[in-house]
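Structure, as structure tokens:
2 protein chains.
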Amino acid sequence: MKMAELAQRSGLSVATIKFYIREGLVPSGERTNVNQAAYSESHVTRLRLIRALTQVARLSLEQVREVLSETDEFPTLRDAMGYAQDLVIGEVTTEPEYSPTAVATLEAAVKERKREIERDGKSYASAVRAIEALELEGVGEILAAIPEYAKAADEVARIDLSAMATIVELDALDDTIRSVVVGLALRDPLMRALTLLAQHHHQALM
Amino acid sequence: MKMAELAQRSGLSVATIKFYIREGLVPSGERTNVNQAAYSESHVTRLRLIRALTQVARLSLEQVREVLSETDEFPTLRDAMGYAQDLVIGEVTTEPEYSPTAVATLEAAVKERKREIERDGKSYASAVRAIEALELEGVGEILAAIPEYAKAADEVARIDLSAMATIVELDALDDTIRSVVVGLALRDPLMRALTLLAQHHHQALM
Numbered sequence: 001m002k003m004a005e006l007a008q009r010s011g012l013s014v015a016t017i018k019f020y021i022r023e024g025l026v027p028s029g030e031r032t033n034v035n036q037a038a039y040s041e042s043h044v045t046r047l048r049l050i051r052a053l054t055q056v057a058r059l060s061l062e063q064v065r066e067v068l069s070e071t072d073e074f075p076t077l078r079d080a081m082g083y084a085q086d087l088v089i090g091e092v093t094t095e096p097e098y099s100p101t102a103v104a105t106l107e108a109a110v111k112e113r114k115r116e117i118e119r120d121g122k123s124y125a126s127a128v129r130a131i132e133a134l135e136l137e138g139v140g141e142i143l144a145a146i147p148e149y150a151k152a153a154d155e156v157a158r159i160d161l162s163a164m165a166t167i168v169e170l171d172a173l174d175d176t177i178r179s180v181v182v183g184l185a186l187r188d189p190l191m192r193a194l195t196l197l198a199q200h201h202h203q204a205l206m
Numbered sequence: 001m002k003m004a005e006l007a008q009r010s011g012l013s014v015a016t017i018k019f020y021i022r023e024g025l026v027p028s029g030e031r032t033n034v035n036q037a038a039y040s041e042s043h044v045t046r047l048r049l050i051r052a053l054t055q056v057a058r059l060s061l062e063q064v065r066e067v068l069s070e071t072d073e074f075p076t077l078r079d080a081m082g083y084a085q086d087l088v089i090g091e092v093t094t095e096p097e098y099s100p101t102a103v104a105t106l107e108a109a110v111k112e113r114k115r116e117i118e119r120d121g122k123s124y125a126s127a128v129r130a131i132e133a134l135e136l137e138g139v140g141e142i143l144a145a146i147p148e149y150a151k152a153a154d155e156v157a158r159i160d161l162s163a164m165a166t167i168v169e170l171d172a173l174d175d176t177i178r179s180v181v182v183g184l185a186l187r188d189p190l191m192r193a194l195t196l197l198a199q200h201h202h203q204a205l206m
């Protein structure tokens, strides 16, 4: 197919596609004459995936490049999960120190789940920062529901790990690692969207 | 306090704080002499909240300005929830058309929950886009778990709406609307972080 059709089918502008080709994220088309190249279905697939990772999973181009590269940068499944978790969390400030009440709220909710907590990671920092902000803004109703949210989060993580365990059983390690990273990066916006769809339903009952 | 202490206590650089003051997101300090101004606790609180909304909830400065403005742009609670949902979803492409299998997967999961679905909104588009990307990448294990994720999402939405109902009962409408918008914008990163914390726990059992 020609560039115009590739743009239409991938939902990206010609300028964006040319940029991705220059950046090496997508292979060049097969040159048919001096001004024209032909593109295949595999170009459409690749561009749609890049679009999803940037627009839906909100990854940077640099992150997309890393995720799609065929390198074995993540030698173990555990490393791959850690990498995916960092991708999903994004940047988070660990300075200055945490609000003691926010920490206490988080610790109490986790303790109720009877589980260990990893305090050094970005997930912990991100949870504390969100709780601090809810405290600052005085949204006590959400704060009061944190134990319930923690219970629901536990269930989502259980589904995640059960899916990951199936990937590990079925795939070779290279495919496993890529599936884990892409799968967790996309599960985040999926769960967000499903929750908002469910909000519409519950809203109708208010 | 002086600017240096304000920077230290808010976790933001002096340059960033000066930028927010110029942009009108934070009031100026009280001038104490020609080169110096004094800042209060309310400056610390305001800056920390802006930091959380930009870094934790990943809102743009323009969105932060809208959320923090005291205007009554959202005349009803339903409008405020719609606005918060759009903030949380961000940009999503509704062109070109959806993959029929992705739509079928979403519809089947929602039908199982026995609820109505709002097909015109950004949440629907975002869910379909995430499912399409999982299809493209061939992460069938996450796709197979979508009915389970939809069930968990239903529970999160139930907790959200129950918290929102309490806000509505307790606050004046202006406060209600702001609490709903800020609360839902911050609940999203909170739930994400709680889920990743729970993943660590389940990972340890793998």
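Here the protein sequences line up with chains A and B, keeping their order.
Using the working numbering, the first residue of the first sequence is number 1, and each one after it goes up by one.
Using the working numbering, the first residue of the second sequence is number 1, and each one after it goes up by one.
Every residue gets a Cβ at the ideal spot worked out from N, C-alpha and C, and that includes glycine.
For Thr-32/B, the uninterrupted beta strand (DSSP E) run begins and ends at 30–33, by DSSP. Gln-36/B has Asn-33/B as its beta-bridge partners, per DSSP. The Cβ atoms of Ile-131/A and Thr-166/A lie no closer than 7 Å to each other. When C-alpha distances from Leu-77/A are compared across His-202/A, Leu-194/A, Ala-198/A and Val-180/A, the shortest belongs to Val-180/A. For Gln-36/A, the nearest beta carbon of chain B is not closer than 7 Å to its own beta carbon. At a cut-off of 7 Å, the C-beta of Thr-176/A has no neighbouring C-beta in chain B. A direct Cα-Cα distance of roughly 21 Å separates Val-88/B from Val-182/A.
For Arg-46/A, the closest alpha carbon among the candidates Val-64/A, His-202/A and Val-156/A is that of Val-64/A. In this model, Lys-151/A and Arg-119/A are separated by some 18 Å (Cα to Cα).
Proximity of chain A to Pro-189/B at the Cβ level (cut-off 7 Å) is accounted for by Ser-126 and Ala-130, in chain order. Per DSSP, Lys-122/A is one residue of the alpha helix (DSSP H) stretching across 122–137. Using a Cβ-Cβ cut-off of 7 Å, Ala-152/B counts as an interface residue toward chain A, since at least one Cβ of chain A sits closer than that to its own. Contact note: Ala-198/A reaches chain B through Arg-113, Arg-115, Ala-150, Ala-153, Asp-154, Val-156, Ala-157 and Arg-158, using a C-beta cutoff of 8 Å and chain order.
Setting aside the 5 residues that flank it on each side, Arg-51/B is surrounded in the same chain by Ser-10, Gly-11 and Leu-12, each with a C-beta closer than 8 Å to its C-beta; the list follows chain order. Within chain A, no C-beta atom comes nearer than 7 Å to that of Val-64/B; the closest sits roughly 11 Å away. Proximity of chain A to His-202/B at the Cβ level (cut-off 7 Å) is accounted for by Ala-157, Arg-158 and Leu-161, in chain order. Of the candidates Ala-185/B, Gly-138/B, Glu-141/B and Arg-113/B, Arg-113/B places its Cα closest to the Cα of His-201/A. Taking the beta carbon of Thr-93/A as reference, the chain B residues within 8 Å of it are Gly-11, Arg-51 and Gln-55, listed in sequence order. Between Thr-16/A and chain B, the shortest Cβ-Cβ separation is not below 7 Å. Within chain A, Leu-134, Glu-137, Val-139, Glu-141 and Ile-142 have C-beta atoms less than 8 Å from the C-beta of Gly-183/B, given in sequence order. Chain order gives the chain A residues near Thr-195/B as Ala-153, Val-156 and Ala-157, where near means a beta carbon separation below 7 Å.
Taken through DSSP and simplified to helix, strand or coil, Ile-17/A comes out as helix. Straight through space, the alpha carbons of Leu-134/B and Ala-127/B are spaced by roughly 11 Å. Around Thr-45/B, the beta-carbon contacts reaching into chain A at under 7 Å are Leu-136. Cβ contact annotation for Asn-35/A (same chain, cutoff 8 Å, sequence separation greater than five): none.
Between Leu-61/B and Tyr-39/B the beta-carbon gap is near 20 Å, outside 8 Å, which marks them as no contact.
For Met-3/B, the uninterrupted alpha helix (DSSP H) run begins and ends at 3–10, by DSSP. For the set Glu-91/A, Arg-158/A, Ile-159/A and Val-67/A, the Cα lying nearest the Cα of Ala-80/A is the one of Val-67/A.
When Glu-41/A, Thr-54/A and Leu-25/A are compared, the shortest CA-CA separation from Gln-8/A is found for Glu-41/A.
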